[in-house]
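This report refers to the structure that appears directly beneath it.
2 protein chains.
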Amino acid sequence: MERKITFAIEGMGNVEISAIAGENILELARKANVAIDAPCSGNGSCGKCRVKLLEGEIESRITRHITEEDYAAGWRLACESKVGESDAVIMVPDIASAYRSRMKIADLTDTAEIEIFNTTKTEIFGTGIATGTKLTKVSVELVEPTLDDAMSDLERISMELEGQLGEAVVPTHFAVSRLPKALRSSGFRADCIIEERNGAKYLVDVWGADEEHKLCGIAIDIGTTTVSAVLVDLESGDILAKASSGNGQIRYGADVINRIIEATKPNGIKKLQKAVIEETITPIIRNMCASAKIAKEDVCRVTIAANTTMNHLFAGIDPESIRMEPYVPVFMDFTGFYAADVNLPVNPNAELVIAPNIGSYVGGDITAGTLASMMWNSEEMALFIDLGTNGELVFGNADFLMSCACSAGPAFEGGDISCGMRATDGAIESCTIDKETLKPSLGIVGPEGTKPIGLCGSGLIDMVAEMFRCGIINPLGKINVEGERIRSDEYGMKSYVIAFADESETGREITLTEVDLDNFIRAKGAIFSAIKIMLESLDFPIEVITKVIIAGGIGSGINIKNAIRIGMLPDIEHEFYSYIGNSSLSGAYAMLISEEARDKVTELKNNMTYMELSSNPNYMDEFVASCFLPHTNASLFPSAMED
Amino acid sequence: MERKITFAIEGMGNVEISAIAGENILELARKANVAIDAPCSGNGSCGKCRVKLLEGEIESRITRHITEEDYAAGWRLACESKVGESDAVIMVPDIASAYRSRMKIADLTDTAEIEIFNTTKTEIFGTGIATGTKLTKVSVELVEPTLDDAMSDLERISMELEGQLGEAVVPTHFAVSRLPKALRSSGFRADCIIEERNGAKYLVDVWGADEEHKLCGIAIDIGTTTVSAVLVDLESGDILAKASSGNGQIRYGADVINRIIEATKPNGIKKLQKAVIEETITPIIRNMCASAKIAKEDVCRVTIAANTTMNHLFAGIDPESIRMEPYVPVFMDFTGFYAADVNLPVNPNAELVIAPNIGSYVGGDITAGTLASMMWNSEEMALFIDLGTNGELVFGNADFLMSCACSAGPAFEGGDISCGMRATDGAIESCTIDKETLKPSLGIVGPEGTKPIGLCGSGLIDMVAEMFRCGIINPLGKINVEGERIRSDEYGMKSYVIAFADESETGREITLTEVDLDNFIRAKGAIFSAIKIMLESLDFPIEVITKVIIAGGIGSGINIKNAIRIGMLPDIEHEFYSYIGNSSLSGAYAMLISEEARDKVTELKNNMTYMELSSNPNYMDEFVASCFLPHTNASLFPSAMED
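Chains A and B are the protein sequences, given in the same order. Heads up: the first sequence runs through residues 1 to 643, numbered per my numbering. Heads up: the second sequence runs through residues 644 to 1286, numbered per my numbering.
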C-alpha cells in the first residue's frame, strides 16, 4: 500500500512524495529532490543525514550516531531508515539541507588570487603569455535590401564578411536565428562575433550595432564540494561578477567514488549532470549575468577546471572506467565541446574549454592550478598541494613536473569524522588546548557569538595537533588520559569532548572519537606518504623542496605549524609555504582570457608525469609508517616535538 | 469568473481547459492543444471549424456556414464563438480534427517516384551524378588499456584515426559520450563515423564493432499541408521506411501567410516550430525508425525540402521579413545546421541539409523538385508545375531556368471553398455531370460506398469544368440555369447542389456557390497568368512548351483535359503532360544519398532566375484576363469548346 511521506524542510516548507513500505528514506528524499547532506553516500558511516520524525512511524534503529535519547526525541539517520506501515512527516534540519547557501567559499579576495586576476590585460602572470582568444568582433555595414536587391540576410552578411576576412564564414544556427532582428534593429549595421575553429571561421553571433552587448566569458571551478565562477569581460579582462555555491551533486555522496557509483545506476549520468549543471551552475550563471546586467547569450566562451570525474559528469559522459582497473578516463583533453551540448545557459556556440586531465585522479583542476602556481616558470623545486575533497600533488619546476593523487578521503571536508562538517557557520576552524585543564579554545566560523556545531578541516588539524601536543593522545591516536572531557563507551572506545551539550548549537555534545582520530590520521598519512613516495621515486630527499604552494578551500585556514606537528606536511621552513587560494579558478580565468594560457595548460598536461601511487611497491609501507603522529621515523619531523 | 470548457474530441476523449468569458473558442482549442482544422486561420471565411455545443452555452451566431437549423442542432463555428457565462462541453467532430491520420498522401508508389527512388546505387537519374556523402565509416582495432598504458579512450581512438586518415579528427560531444560503451562492448574494436565539414574531419559517432548499426539518413518534404519522409540506408540507397502525416501547423492557418502572422505573435516562432518538429516530424521519425528497427542515432544525415516559410519555421527562424516588403528571407542556402540545433530525434551531429530557397515564395521544395524534374538535363523547353498549397512554376531547360510563385491560394486544398476539403476519405476527387439532368456522378476517396463530404482539388477542377461544359455556369462562373439542383439565397447568390442532404456523409447538402466559383476561378487564373507572364517575359509563346511536368499532392488526380478546358493549364497536347508525384521528396532523397546531387541543387538555385510576378507591369491585366472560363482570349484554348 502507498504511504505519503512529507519532508518538512526547516525554513523551506514541505515536500510530499508517495512511497511504499520498505523504501529507504534517503533515497526517497533524493527522489523528491530534497537535499539531505550525506557525505558517505548513505552507508551509515558519517552520521550526517540526521532527520527528525515528527508524525507517523518509520523503520529505523539506534546506531552509533543516534543515541537512545536521540531516538526517543525522534532523531533518525535517513540512510538507515525505511518507510514503515504508516504515513510520516519527517523534519529535515536546516543543517543537513542548507549547506549550499551557507558554505564558506573561496571568495576570490585572497591576495594571491587578486594578484592573478589583476594580471595586466595583455600579459598573464608576467610570464609573456599573451591575452586574447580566437573570438573576434567584426563590424559590418550592409546595404539595405530593396525589391530589386532581394538577397537574403544571410547571403548579404556572408558576402560582406567574406570581403573583409578574405574567406567564407560558416554560419551557425544560433547566429542565423539572431540575424533578422539584429540587422533590422540597427539599419543593417551589425557586429559579428567570429571564432576560428579547426581552420575555418564560424559566425558565432550577430549583434545589432545599436544593441547593447559585451563580449564575455565565464571561468568555472567545479569542485566535488564547491563550485565557483567568475564572469569576465573578454575584451578588458575585467571581472564583472563572482559567485559560488555548493555542488548539488553532494547529495549523491561526498567523494568522487560515491558519485561514480551513483552515476552507474540507471539514468545516473543524467541525474548527476543535472545536479551540477541545472541545479548548481545554471543559477550561478544566472545570478552573475543578472548582477552584471549581461545577456547570457553574450557569454561566448566558458572555461572549466574540474577533477576528472567532475569533468566527465559535467559533460554527461560515463565515468565508470575511472574507478575500474586500469583506471582509464574517457577523455583527458577534449576540444570540440560547446555550450549547446550540455544546455549551459550561455551562448549555445560558446566553446567549453576544459582544462585537460592528467589521469583518472589528477584532473583539469590540477593542470589549471599548476598554471596558476607558476612552478613551471622557475628553477626552484616546488611542491604544489591542492587540498580539496581529495588531495593532489604536483612536484617539479621549469624542467619537469610530476603529479599524483592521494586518497586522503573526505576527512578534511567533514566526511568520515563524526563531528566533521564543512566550513560553514558553526564550524570550528581553529583551536588551542590548555595543557593543564585540557579545555579547548575554539575559533568558530560565523558571526561573533556563533556556537560550535562541528569541526571543519583546518579545525581538525589544529585539534589533533593540540591533543597530541597536550598528551591527550599518543602517536597512534589513542586517548591515554582521563578527565571530565574524556568519555568511554561500552566497547572501551574513548572520545574527547570538544564542547559540552550546553555549549553547542545543536544541544548535543561535540566529541572526537578514537575512530575519528584513526580516520584523520589515515588521511594525513596519505598526504605525507604521497609526498615522500613521489620525491623518492625521483631520488630526491624532502629537503630539496624550497617552496610549497598550497591551494584549495581548506588551505586558507591551515596552521602550518600544526600540520607539520602531526606529520601531514614536510618539516621545512614555514616561510617556504605560501597559499594561493583557488588556483583552479585562477587557472580557468587565465585560460578564459588567453588562448596562449590554454595552450600552456595543454603543454603542462603533456609534459607532466602522472604517478599511480597504488602501483608503487613502497607505497603501502610508507603509508603505514605515516599513520603515526608525526611519523614512525620521528627524525623527519624535528620541529614536531617543540612546544 | 473562470469557466471550464471541455472539448469532447470524437473518437479521442475529452480535454478540459479553464477559460474566461469572451475567450475565442478556436484560440482556446489551440491553447488546449486540440486540433481543429481552420484553413482560413480563424477569420470566419472557410467554415471548416464546425464544432457542436453539447452542454452549457457559448456566444456565437448564425453565419453563412451555420444555418438556423444547424444552429438549433448545436453547430457553431469555433472561430466565431466565444466562451459565455457558463461552463460548456463542445464536441469536436472527427472530420475537423482527424485530418492527420486520414490524409490521402503521396505514398511514394507513383511510377515516376519509384523510378527515381530505384535509381542505380552509384548514379542518380542516369545523369552522371554520383551517389555518396561526406560521411565515411572507418574501422579501428585498438590496444586495450592496461595499468601501464592508461591513455584515455579519446586519445586512444584519436591517435589510431589520425594514423589511418593522416590528419587529426575533431571529436564531437556526442561521439565522446558514446565512446566508453562502444569500445568496451566490442573489445576495443569500433566503427567510427567521420564527416568532413569545412575542411576538417569530425568524429560524428562511434559504434562498437559487435553492436548492430546501420548508417542511415532521412529525407523530409515539409509541405504547408503534408509532411512526407523516407528513411534510407545511406550505404545501399535502399528505402527502409516511409511515412507521412499532416503538418501540425495546420491549426495555425492553411497557408504560409497565416503561419507567418501566427509566428510573429509572442512565442509564435517556438510554437510553430514545435508544431512541425515535435508534433509532426518527431512521430514520423520515431515510426520509421521503429518499423525499420533502426536506432534513431544511426540517422546521421537529414535532407529537407520545404518552401521558404516552412524552412524558416522548421529552423525556428523569424519568417516575418518574408511577407514584408521587400520580401527578403533570412536565408536562401544555409549550411552549418545540425539536428541538435532543433532537437530533431536523430543523431545530434546529423547535418540538416536544406534544399536552398530561390526567393521568399519559391523555396527548397522547388529547387529539390527541379532536380527531380530532370528539366535541367535536356534541351527540351519544359514547364514544371508544383501544385501544393501554393503553386510554383519553373520554366526552362539545360540552358536556363526561371521560377515564380503564383498566389493560387488554398482553393486546391479545400480552402476558400465552402464545401472544399483535403483529399481525405469522403472527398470528391473526380466528377462528370449529365448535360441533360445536371446530375453529377462522383468519384469519392475512400472505401466502396463512402458518402461524399466535400470537394478536394481535383474534384473541384472536374466540377467546374463539367459545370462549364454543361452550361450550368457562364464564362464568369455565374450560374445561369434553373433546376432542382440550383439554389438561390436571399441576396440572389446561387449555388449548385452536388449532393443532397440524404446523399452526404454529414447529412448536410454539399453545394458549390458562386462565391466558391469566383474563388476557384481566381486560383486557376493565377496559375495560367503566371505561366503566360513568365513565358512572355522571355518572349516565348505558349506553344514553345513541349513538356509539362506536374508535381505535388493534387497532381495525381488532375484530369488534364478538364484543367485545360477551364483555362488553368496551357492547351497543348495531352501527351506533353506528365506527373512525377512528390518531386520535392524525390529531390530530397537524391540529396540525401548524394553530395553531388546536393551540389547540383545549389547550382540550380544559383542559376535559376526568380521572377516576382507582382512587380511585373502586365501581371494584373493578364490575371484579370485569366479569371474567365477558359480565358477572355478563347483562342488560347481551342480545345476548351470540344465536348
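Note that the Cβ used here is the ideal one computed from N, Cα and C, for glycine as well. This one's a predicted model, so the numbers in the text were calculated from it and none came from an experiment.
For asparagine 657/B, the residue or residues it bridges with in DSSP: Ala651/B
Proximity winner among Gly132/A, Val624/A, Ala563/A, Tyr327/A, relative to glycine 459/A (alpha-carbon distances): Ala563/A
Check whether the Cβ atoms of alanine 21/A and glycine 74/A sit closer than 8 Å, and answer yes or no. no
Proline 329/A at chain B interface by Cβ criterion, 8 Å: yes
Contacting residues, own chain, Cβ-Cβ under 8 Å from valine 677/B (five flanking each side not counted): Phe650, Ile652, Val658, Val735, Ser740
Only counting the same chain, and skipping five residues up and downstream in sequence, which positions put a Cβ closer than 6 Å to that of isoleucine 1028/B? Leu1036, Ile1193
In whole angstroms, what separates the C-alpha of alanine 1048/B from that of glutamate 810/B? 47 Å
Measuring CB to CB, does proline 962/B end up less than 8 Å from isoleucine 865/B? no
Roughly how far, in whole angstroms, is the beta-carbon of glycine 426/A from the beta-carbon of threonine 450/A, given that I think they are within contact range, below 8 Å? 6 Å
Exposure of asparagine 1276/B, with buried meaning 16 or more beta-carbon neighbours within 10 Å: exposed
Residues near glycine 1195/B in its chain [Cβ-Cβ closer than 6 Å; skip 5 each side]: Asp1029, Leu1030, Gly1031
Methionine 608/A touches chain B at which residues, Cβ-Cβ below 8 Å? Chain B residues near methionine 608/A: none, gap ~14 Å exceeds 8 Å.
What residues match up with tryptophan 850/B in a beta bridge as DSSP calls it? Asp834/B
Alanine 906/B at chain A interface by Cβ criterion, 8 Å: no
Considering only residues of the same chain and omitting the five flanking positions on each side of aspartate 1161/B, which have a CB-CB separation below 7 Å? Gly1120
Quick one, which residues of the segment 768-783 of chain B are near chain A if we go by CB-CB under 9 Å, in chain order? none
Methionine 975/B and serine 158/A - do their beta-carbons sit closer together than 8 Å? no
What's the call for glycine 409/A, buried or exposed, on a 16-neighbour Cβ count within 10 Å? buried
Glycine 654/B CB to nearest chain A CB: under 8 Å? no
So the candidates are Val346/A, Leu313/A, Met375/A, Asn397/A; which of them puts its Cα closest to the Cα of glycine 363/A? Leu313/A
Contacts that methionine 975/B makes with chain A (C-beta to C-beta distance below 9 Å): Met151, Ser152, Leu154, Glu155
Just checking: is the beta-carbon of proline 326/A within a distance shorter than 8 Å of some beta-carbon in chain B? yes
Name the chain B residues whose beta carbon is nearer than 8 Å to that of alanine 190/A? In chain order: nothing, as chain B lies at least about 13 Å away.
Distance CB(arginine 693/B)-CB(serine 703/B) smaller than 8 Å: no
Can the beta-carbon of glycine 391/A be found closer than 8 Å to that of methionine 421/A? no
Kindly say whether phenylalanine 980/B, judged by its beta-carbon, lies nearer than 8 Å to any beta-carbon of chain A. yes
Work out the CA separation of arginine 707/B and threonine 1154/B for me, nearest whole Å. 12 Å
Would you please state the rounded distance, in angstroms, between the beta carbons of valine 227/A and asparagine 198/A? I believe it to be under 8 Å. Their Cβ separation, rounded to whole angstroms, is 30 Å, which puts valine 227/A and asparagine 198/A out of contact at 8 Å.
Tell me the residue span of the alpha helix (DSSP H) that contains isoleucine 1122/B. It is not in any alpha helix (DSSP H) - isoleucine 1122/B carries neither H nor E in the DSSP assignment.
Could you say which of Leu344/A, Gly443/A, Glu436/A lies nearest to serine 430/A if we only look at CA atoms? Gly443/A
Minimum Cβ-Cβ distance from lysine 270/A to chain B less than 8 Å: no
Which whole-angstrom value is the C-beta distance of isoleucine 428/A and proline 452/A, which I expect to be below 8 Å? 5 Å
Compare the Cα-Cα distances from alanine 275/A to each of Glu514/A, Ser586/A, Lys31/A and report the closest residue. Lys31/A
Leucine 604/B to valine 812/B, Cα distance in whole Å? Coverage of chain B is limited to positions 644 through 1286, which leaves residue 604/B absent and any answer about it impossible.
Whose C-beta lies closer than 6 Å to the C-beta of glycine 1012/B among residues of the same chain, with five residues either side of it excluded? Asp1029, Ala1194, Ser1226, Ser1227, Gly1230
Would you say proline 345/A reaches chain B, if we count a Cβ-Cβ gap shorter than 8 Å as a contact? no
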